[in-house]
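Notes to accompany the following structure.
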Amino acid sequence: MPLDIPRIQALCFDVDGTLSDTDDQYVQKVARLLRPISFCFPNRDTQRAARRFIMWSETPGNLLFGLPDVLGLDDELAALIDWSTRRRPPPLKHFILVPGVKEMLQKLHGHWPMAVVTARNEKGTLQFLKQYDLLPFFDVIVTALTAEHSKPYPDPVLYAAQEMGIPPENCLMIGDTTVDIRAGEKAGAQTVGVLCGFGQRLVPAQLGDHTVRAASTPVRDGKGTPLHFEKIHG
Numbered sequence: 382m383p384l385d386i387p388r389i390q391a392l393c394f395d396v397d398g399t400l401s402d403t404d405d406q407y408v409q410k411v412a413r414l415l416r417p418i419s420f421c422f423p424n425r426d427t428q429r430a431a432r433r434f435i436m437w438s439e440t441p442g443n444l445l446f447g448l449p450d451v452l453g454l455d456d457e458l459a460a461l462i463d464w465s466t467r468r469r470p471p472p473l474k475h476f477i478l479v480p481g482v483k484e485m486l487q488k489l490h491g492h493w494p495m496a497v498v499t500a501r502n503e504k505g506t507l508q509f510l511k512q513y514d515l516l517p518f519f520d521v522i523v524t525a526l527t528a529e530h531s532k533p534y535p536d537p538v539l540y541a542a543q544e545m546g547i548p549p550e551n552c553l554m555i556g557d558t559t560v561d562i563r564a565g566e567k568a569g570a571q572t573v574g575v576l577c578g579f580g581q582r583l584v585p586a587q588l589g590d591h592t593v594r595a596a597s598t599p600v601r602d603g604k605g606t607p608l609h610f611e612k613i614h615g
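Here you go:
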């Protein structure tokens, strides 16, 4: 379904792999550790093995939800992911801002209310936002334990929409994994999958109504207002 830009009244952003460039940094670290056993992986591709490992460890359902839904176990997988995230939140990391993100948020600020919707714990999320002075741009911060359930349940997106005073169907959820997209879709929001972070490993059909290279690439609505996403797939 094409992205209906005039319908958008609020924006919800994932953090890891969308605003924060943590993923590639850790892929490199883990890949170096895996080099001595590279013979264990297809084509000795430690980069791919590292990426898959980090994808699972940050939010265990990312890899599972990247697979075809042939078993009809969406609810069971969602419950497992939610339990794992709450029991063992993703670890703190050294955060790097995706290039262009701060400039994008500066341009969007005032046009739409914006929320952070992440499965990361509150401490790590606030550390990242404060480190790069991003906190003033967001009206709502939703972390792993804010709502009753975490992504891929719709609860975090529904919570953000309620706090912003915007109907969920008028929100846009932006993230780089199928976990982000599932949460947005189940909440009734439109979704954008970004092709940075782990999004580049997923097919467009799994990445929502729209895909973009990065959260900082521009797109304009029908009136020419910059939404700051460049269309790649409708």
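Each residue of the sequence shown is one higher than the one before, starting from 382 at the first, in the working numbering. Even glycine gets a Cβ: it sits at the ideal position worked out from N, Cα and C. Just so we're clear, the structure is a prediction, and the values are computed from it rather than from any experiment.
| Check | Outcome |
| --- | --- |
| Supposed contact pair MET545 and VAL498 - C-beta distance, whole angstroms, cut 8 Å | That pair is no contact at about 11 Å. |
| Alpha-carbon spacing of LYS511 relative to ASP397, whole angstroms | 15 Å |
| Limits of the unbroken beta strand (DSSP E) element including ILE562 | It is not in any beta strand (DSSP E) - ILE562 instead sits in the alpha helix (DSSP H) that spans 559–568. |
| Runs of alpha helix (DSSP H) lying entirely within the segment 384–418, each at least 4 residues, in chain order | 403–415 |
| Stretch-stretch touch, CB-based, cutoff 8 Å, three pairs: the segment 499–506 with the segment 524–532 | yes |
| Continuous beta strand (DSSP E) stretch holding ALA496: start and end | 495–498 |
| Selection from GLY569, LEU576, VAL575 that minimises the alpha carbon distance to ILE389 | GLY569 |
| Close Cβ partners of ASP385 (< 7 Å) along its chain, the five nearest in sequence each way excluded | GLN571 |
| Cβ shell of ALA431 (< 7 Å), same chain only, five flanking positions each side left out | VAL408, VAL411, ALA412, LEU415 |
| Reduced DSSP category for LEU515 - H, G, I as helix; E, B as strand; rest coil | coil |
| Identity of the residue in VAL482, LYS483, TYR534, LYS488 nearest THR559 by Cα | TYR534 |
| Beta-carbon gap between ASP520 and PRO494 smaller than 8 Å | yes |
| GLY556 in three-state terms, based on DSSP | strand |
| Segment limits, alpha helix (DSSP H) that includes VAL482 | 482–489 |
| Endpoints, alpha helix (DSSP H) assigned at VAL538 | 536–545 |
| Span of the beta strand (DSSP E) around ILE522 | 521–523 |
| With 16 other Cβ atoms within 10 Å as the buried cut-off, status of ASP395 | buried |
| Per-residue burial, CYS421 [other beta carbons within 10 Å of its own, 16 or more giving buried] | exposed |
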